[in-house]
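Quick note: the sequence shown uses our numbering, first residue 30, plus one each step. By construction, the Cβ of each residue, glycine as well, lies at the ideal position given by its N, Cα and C atoms.
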Amino acid sequence: MSVLVAYASRYGATRQIAQHIAAVLTVAGLDVRVRPTTVVDDVRGHEAVILGSSVYRGHWMEQATAFVDLHHDALVERPTWLFSSGLLGPDQPHSDLDRLAEELGARDRQAFGGALEVGRLDLIDRVLRLKPARRRVLPPGDYRDWDSIEGWAHRIATELAPSVTPGFTPGLTPGA
Ligand SMILES: Cc1cc2nc3c(=O)[nH]c(=O)nc-3n(C[C@H](O)[C@H](O)[C@H](O)COP(=O)(O)O)c2cc1C
C-alpha cells in the first residue's frame, strides 16, 4: 500500500517528525513517500495520507492549509491522519488541527511537542518570539516525544497493514 507523509515545516522540526513516522511505516512494510506539501502535485497516487504542520501564532502554516484546500476531495476519499508540532500543546484556542480533522473526516489527529532553536530563527520570528506575551510560553528547546510519535505511527501502521504487530520489525524473528 502506498502512503504519503506530507509536511509543512519552517525550521525542520516537523520535517524530522514526518521522517520518523515514515520510517516506522516503511519498516512495517508500507510503500512510503515523505514530501514537503509544496512539492506534492497530486495525492491520488497514494492510498493513504498523513499530513503534518508546525504551528505559528496559533495556526498551521499556510502551505499546509493550502494543501488541504487543493487536495480536499482526494483527502476526504482516503484514510487521512493529521498532526501538529508546536510548543503550546493541543489546547490552543485557534488550532487548525481539530477543525481540519473534522472537515476531512480524518482517522485521527495528534498534537506533538515541537522544537525551537533561537539561533536558527529568521529576524521576524526572533522578534515575534520575544514579544512579552510569547516569551513566557515559547521556551527554546526540543520537546518532541519520540516514543509517542513512534507509538502513533505504529497505530497507523496497524490500521493500514493489520498483519503488522507494533514493535515487530519484519525480517527479524523475535527470539531467534
Ligand atoms: C514566532 C513563533 C511563533 C510560534 N507560535 C506558536 C504557537 O502559536 N503555538 C505553538 O504551539 N508553537 C508555536 N511556535 C513553536 C513552533 O511551532 C515549534 O517551534 C515547531 O516545532 C517548529 O517546527 P518547524 O521547525 O517544523 O517549523 C512558534 C514559534 C515561533 C518562532
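Item                                                                                                             : Value
Simplified DSSP assignment, three categories, for H100                                                           : coil
Through-space distance from M30 to G58, alpha-carbon basis                                                       : 9 Å
Expected contact under 8 Å - CB spacing of A35 and F96 to nearest Å                                              : 6 Å
Proximity test, A144 beta-carbon vs ligand 1 heavy atom, cut-off 7 Å                                             : yes
C-beta contact flag for F141 and R173 at 8 Å                                                                     : yes
Span separating the alpha-carbon of V147 from that of L116                                                       : 13 Å
Whole-angstrom C-beta distance between T66 and A37, which should lie under 8 Å                                   : 5 Å
Beta strand (DSSP E) segment containing D137, residue limits                                                     : D137 to G142
Boundaries of the alpha helix (DSSP H) in which S177 is found, first to last residue                             : W175 to L189
Environment of H101 [buried if 16+ CB atoms lie within 10 Å]                                                     : exposed
I46 - partner residues in DSSP beta bridges                                                                      : The partner list for I46 (beta bridge, DSSP) is empty, contrary to what the question assumes.
Whole-angstrom C-beta distance between R138 and L99, which should lie under 8 Å                                  : Their Cβ separation, rounded to whole angstroms, is 20 Å, which puts L99 and R138 out of contact at 8 Å.
Close-in-space but distant-in-sequence residues of the same chain around L201 (CB under 8 Å, 5 per side omitted) : Model confidence at L201 stands at a pLDDT of 38, short of 50, so the residue's coordinates are unreliable; what they give is reported in the following sentence. Closer than 8 Å at Cβ, skipping near neighbours: no residue.
Cross-strand partners of Y85 (DSSP beta bridge)                                                                  : H88
Check: G170 C-beta below 7 Å from any heavy atom of ligand 1                                                     : no
Environment of V61 [buried if 16+ CB atoms lie within 10 Å]                                                      : buried
Short Cβ contact (8 Å threshold) for D206 with H88                                                               : In the structure displayed, the chain extends from 30 to 205; residue 206 sits before or after that span and is not available.
DSSP-derived helix/strand/coil call for V68                                                                      : helix
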